[in-house]
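Everything below concerns the one structure shown next.
Protein chains: 2
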Amino acid sequence: MLTEERQQIILEQLKIHNIVKLHDLIPLTGASESTLRRDLQDLENCHKLLRIHGGAQNVISLHEEPALSQKAAVHINEKKMIGQTAANLVQNHEVIFLDSGTTIQFMIPYLIEHTDLLVITNGVDNASMLADYNVNTFLPGGKLKSSTKALVGSNIIQTLENYHFDRAFLGTNGFSIEAGYTTPDSEEAAIKRLAIAQSNQAYVLSDSSKFSQVSFSRFATLDEVPLITDRLSEKESSILSKYTKITEAI
Amino acid sequence: MLTEERQQIILEQLKIHNIVKLHDLIPLTGASESTLRRDLQDLENCHKLLRIHGGAQNVISLHEEPALSQKAAVHINEKKMIGQTAANLVQNHEVIFLDSGTTIQFMIPYLIEHTDLLVITNGVDNASMLADYNVNTFLPGGKLKSSTKALVGSNIIQTLENYHFDRAFLGTNGFSIEAGYTTPDSEEAAIKRLAIAQSNQAYVLSDSSKFSQVSFSRFATLDEVPLITDRLSEKESSILSKYTKITEAI
DNA sequence: GTTTTTATGATTGATTTTGACCAAAATTGG
DNA sequence: CCAATTTTGGTCAAAATCAATCATAAAAAC
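Just so you know, the sequences run in chain order A and B.
For the first sequence, UniProt numbering assigns the number 250 to the last residue and increments by one with no breaks.
For the second sequence, UniProt numbering assigns the number 250 to the last residue and increments by one with no breaks.
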């Protein structure tokens, strides 16, 4: 049986059942477990399916809610603590910038402790949540990036140049000693960079799992912006503290 | 049975019964109590349900998909038809303005029929949904109004004055022969008025239940902007047609 | 015809998931 | 109010699944 044939069968099964188990595919294709694993990997790489433990499911699952995938839920407790720690830094009457992204989202419930805040954010989902919590919110205009639902582009850059923040809270896709804070999208990086420049004090929020992860575009070095993260190992902590100011959420 | 499968079953049950007991899930899934507990935990973490003693219930959150919220669900089929009719008016390569609000939201799934659209909207929830459907979207900057999640204020007014649209699609809180199209918030009315002025062609979308409802602030008279609505009674239809151009969605 | 590349299946150890168990907490029913 | 019951969160070991590696066989390139 040819590779194409097998993969066709997999996709057919997926159309019918929405979910397919790896073990059910073995008799259907006559291929080995290893081969089928590779097939699933390939198909996932071209976004034809989504791998799950034990098999695969359709990309556009019927029940999938785009807001928070299971993946986002992995470090949920860490993120909650980080969010609370960050929110505690805020003072009443301040103007703060909130980045897009789920890590930052966890700050929002704790922001209501403070009175008379004005929040500027480039994340539409975060904006929506801020509205739910009745926080004064302002959105700078911009192009909406589909994948991350963040506002980007020259328009928002121009807008932010006219603003000044008491504090800015930023997400990141990775941080490492050599590469600093990095993110895959250079347009988003530009906004993060500007938010740092326009604020009296900026912070990066990240759970410790992103330590030593490197992405394409750097928006700050570690010594430029302090990091708020959850408990690092003692080794990690001692290494990092030479390069940046760390606040560990407990 | 795979993890995803079980969790889908749980969510299905939840959709049907609004509440589900842990013990009822055991025979339905064939999984152990422990496993189902973990499933409930996972699903709660991504806000798909709310755990309660002995089981789980639907999340009543404001973050729920707005399409399914109770208020929106009343005239859901009418709104779908209206949304489809309105979306059919759009041509490829056009720049269109979409108002905030749930009625307008129903246009979005039908917009993907058209290529190379640019959509400007003042509704952050609509913007989020447009991103899900991969539609080019631009948000004008502005203050976010908590209750309706619409962008308002002088900032967005200034921005919109510099733009021009091929078509604008607006929601309304009521329409009547004497009062025209009305909405409770004067700031939102100002934006609707401006969107009409800046577009080659504007439309108001409204299900027929809003006939003869009057709210505080008028943003257009009936003869200024055509109405897209669902089947009116013959009497209503004959009265209205003297004052405005009506498109009835079927 | 030989070498290189590619695809496959088997094996390994690591990771994840699972079900059972138990003590603590919450709920129920007097 | 207390006692009985149910539900819960945590830990644990077994089972399933996974990613990575390796050797072999087929196909392609030279």
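Glycine included, every Cβ here is placed at the ideal spot set by N, Cα and C.
- Near N200(B), what residues of its chain come up, given a Cβ to Cβ distance below 6 Å and the 5 sequence neighbours on each side ignored? As a working mapping, residue 200(B) is identified with position 200 in the second sequence. Excluding five sequence positions before and after N200(B), the CB atoms of its chain that fall closer than 6 Å to its own CB belong to D166, given in chain order.
- Task: Please say whether F211(B) and T183(B) have beta carbons closer to each other than 8 Å?
- Result: Residue 183(B) sits at position 183 when you count from the first residue of the second sequence. Residue 211(B) sits at position 211 when you count from the first residue of the second sequence. Not in contact: T183(B) and F211(B) (Cβ atoms no closer than 8 Å).
- Could you pull out every unbroken alpha helix (DSSP H) segment of at least 4 residues lying fully inside the region 78-106 of chain B, listed in chain order? Listed in chain order, they are 102-105.
- What residue does the alpha helix (DSSP H) around A168(B) start on, and which one ends it? Within the second sequence, residue 168(B) is the residue found at index 168, counting from 1. Taken as a continuous stretch (DSSP letters only), A168(B) belongs to no alpha helix (DSSP H), being part of the beta strand (DSSP E) at F165 to L170.
- Query: Among residues of its own chain, excluding the 5 on either side of H93(A), which ones have a beta-carbon nearer than 7 Å to its beta-carbon?
  - Reply: Taking the first sequence and counting its residues from 1, one reaches residue 93(A) at position 93. Taken in chain order, the residues that qualify are D116.
- Message: Using only CA atoms, which one of E224(A), F169(A), T221(A) and N58(A) lies nearest to I82(A)?
- Response: Along the first sequence, one-based indexing puts residue 82(A) at 82. Distances from the alpha-carbon of I82(A) to those of E224(A), F169(A), T221(A) and N58(A) put F169(A) closest.
- CB contact check: K149(B) to chain A, cutoff 8 Å: Along the second sequence, read from residue 1 onward, the residue named residue 149(B) stands at position 149. With a threshold of 8 Å between beta carbons, K149(B) makes contact with chain A.
- Item | Short Cβ contact (8 Å threshold) for N134(B) with Q105(B) | For the purposes of this step, residue 134(B) is taken as residue 134 along the second sequence, with counting starting at 1. For the purposes of this step, residue 105(B) is taken as residue 105 along the second sequence, with counting starting at 1. Their beta carbons are not under 8 Å apart, which means N134(B) does not touch Q105(B) by this criterion.
- Item | Nearest residue (CA-CA) to residue 286(A), options S176(A), D132(A), D185(A) and A179(A) | Nothing can be reported for residue 286(A): it is not among the residues displayed for chain A, which extend from 1 to 250.
- Among residues of its own chain, excluding the 5 on either side of L11(B), which ones have a beta-carbon nearer than 8 Å to its beta-carbon? Position 11 of the second sequence, counted from the first residue, corresponds to residue 11(B). Hits under 8 Å: L43, K48 and L49.
- Message: Using a Cβ-Cβ distance cut-off of 8 Å, determine whether D230(B) contacts chain A.
- Response: In the second sequence, counting from the first residue as 1, residue 230(B) sits at position 230. With 8 Å as the cut-off, D230(B) does not count as an interface residue toward chain A.
- Message: Tell me which residues of the region 116-127 of chain B have at least one Cβ-Cβ distance to chain A shorter than 7 Å, keeping chain order.
- Response: Taking 7 Å as the Cβ-Cβ cut-off against chain A, the residues of the region 116-127 of chain B that qualify are V124, D125 and A127.
- Item | Collapsed DSSP secondary structure at S154(A) in the structure displayed | Numbered from its first residue, the first sequence carries residue 154(A) at position 154. When DSSP states are grouped into helix, strand and coil, S154(A) belongs to the helix group.
- Item | Limits of the unbroken alpha helix (DSSP H) element including L11(A) | In the first sequence, residue 11(A) corresponds to position 11, counting from 1. According to the DSSP assignment, L11(A) belongs to the alpha helix (DSSP H) that extends over T3 to H17.
- Roughly how many whole angstroms lie between the Cα atoms of D99(B) and A195(B)? If you number the second sequence from 1, residue 99(B) lands on position 99. If you number the second sequence from 1, residue 195(B) lands on position 195. Approximately 9 Å, taken between the alpha carbons.
- Cross-chain neighbours of S233(B) in chain A, by beta carbon under 7 Å: Your numbering for residue 233(B) matches position 233 in the second sequence. The contact set of S233(B) on chain A, defined by CB atoms closer than 7 Å, is empty, because the minimum CB distance reaches about 37 Å.
- Message: Residues of chain A with CB closer than 9 Å to the CB of S146(B), please, in chain order.
- Response: As a position in the second sequence, residue 146(B) is number 146, starting the count at 1. Within 9 Å Cβ-Cβ: L130, A131, D132, Y133, N134, V135, N136 and T137.
- Message: Excluding the 5 residues flanking E65(A) on each side, which residues of the same chain have their C-beta closer than 6 Å to its C-beta?
- Response: Taking the first sequence and counting its residues from 1, one reaches residue 65(A) at position 65. Since pLDDT at E65(A) reaches only 39, below the 50 mark, its modelled position is unreliable, and the value read off the structure follows with that caveat. Cβ within range, chain order: n/a, list empty.
- Item | Element boundaries [alpha helix (DSSP H), containing A190(A)] | To locate residue 190(A), count along the first sequence from 1; it is residue 190. Its alpha helix (DSSP H) spans residues S186 to A197.
- Who are the near neighbours of Q57(B) in its chain, counting only those whose CB is closer than 6 Å to its CB and skipping five residues on each side? To locate residue 57(B), count along the second sequence from 1; it is residue 57. Answer for Q57(B): I19 and L50, listed in chain order.
- Query: Which residues in the same chain as Q198(B) place their Cβ atom closer than 7 Å to its Cβ, once the five residues preceding and following it in sequence are excluded?
  - Reply: Looking up residue 198(B) in the second sequence gives position 198. Sequence-distant Cβ neighbours of Q198(B) in its own chain, meaning closer than 7 Å and more than five residues away, are L160, Y163, H164 and F165.
- Message: Output needed in chain order: residues of the region 169-191 of chain B with a Cβ under 8 Å from some Cβ in chain A.
- Response: Cβ contacts with chain A: none found.
- For S38(B), three-class secondary structure by DSSP: If you number the second sequence from 1, residue 38(B) lands on position 38. Per the sequence shown, the amino acid found at residue 38(B) is Arg instead of Ser. Reduced to three states, the DSSP call for R38(B) is helix.
- Message: So, with DSSP's three-state summary, where would you put T115(A)?
- Response: Here residue 115(A) corresponds to residue number 115 of the first sequence, with the count starting at 1. The answer is coil: DSSP assigns T115(A) none of H, G, I, E or B.
- Measure from the C-beta of T29(B) to each C-beta in chain A and report whether the shortest distance is under 8 Å. Numbered from its first residue, the second sequence carries residue 29(B) at position 29. No, because no Cβ of chain A sits closer than 8 Å to the Cβ of T29(B).
- Message: Taking the straight line between their C-alpha atoms, what separation do you get for I120(A) and K242(B)?
- Response: As a first step, residue 120(A) is located in the first sequence; it is residue number 120 there, counting from the start. As a first step, residue 242(B) is located in the second sequence; it is residue number 242 there, counting from the start. Each residue's alpha carbon lies about 47 Å from the other.
- Query: Contact check, S128(B) vs K149(A) under 8 Å by CB: the rounded distance?
  - Reply: The count along the second sequence starts at 1 and reaches residue 128(B) at position 128. The count along the first sequence starts at 1 and reaches residue 149(A) at position 149. Distance from S128(B) to K149(A) at the Cβ level is roughly 6 Å; contact confirmed, criterion being Cβ atoms closer than 8 Å.
- Query: Is DSSP giving D24(B) helix, strand or coil here?
  - Reply: As a position in the second sequence, residue 24(B) is number 24, starting the count at 1. Helix at D24(B).
- Members of the UniProt domain "HTH deoR-type" (3-58) of chain A near chain B, C-beta cut-off 7 Å: Going along the UniProt domain "HTH deoR-type" (3-58) of chain A in chain order, one finds I19, K21, I52, H53, G54, G55 and Q57 with a Cβ nearer than 7 Å to chain B.
- Item | Reduced DSSP secondary structure (H/G/I, E/B, other) of T244(A) | To locate residue 244(A), count along the first sequence from 1; it is residue 244. T244(A) falls in the coil class under three-state DSSP.
- Under 9 Å by beta carbon: chain B residues contacting K143(A): Locating residue 143(A) in the first sequence gives position 143, counting from the first residue. Within 9 Å Cβ-Cβ: N136, T137, F138 and L139.
- In or out: E78(A) buried (at least 16 other Cβ within 10 Å) or exposed? For the purposes of this step, residue 78(A) is taken as residue 78 along the first sequence, with counting starting at 1. Burial state of E78(A) is buried, judged by a 10 Å Cβ sphere holding 16 or more other Cβ atoms.
- Query: Nearest to Q84(B) by alpha carbon, out of I96(B), I108(B), G101(B) and Q91(B)?
  - Reply: Here residue 84(B) refers to the residue found at position 84 of the second sequence. With distances taken between Cα atoms, Q84(B) lies closest to I108(B).
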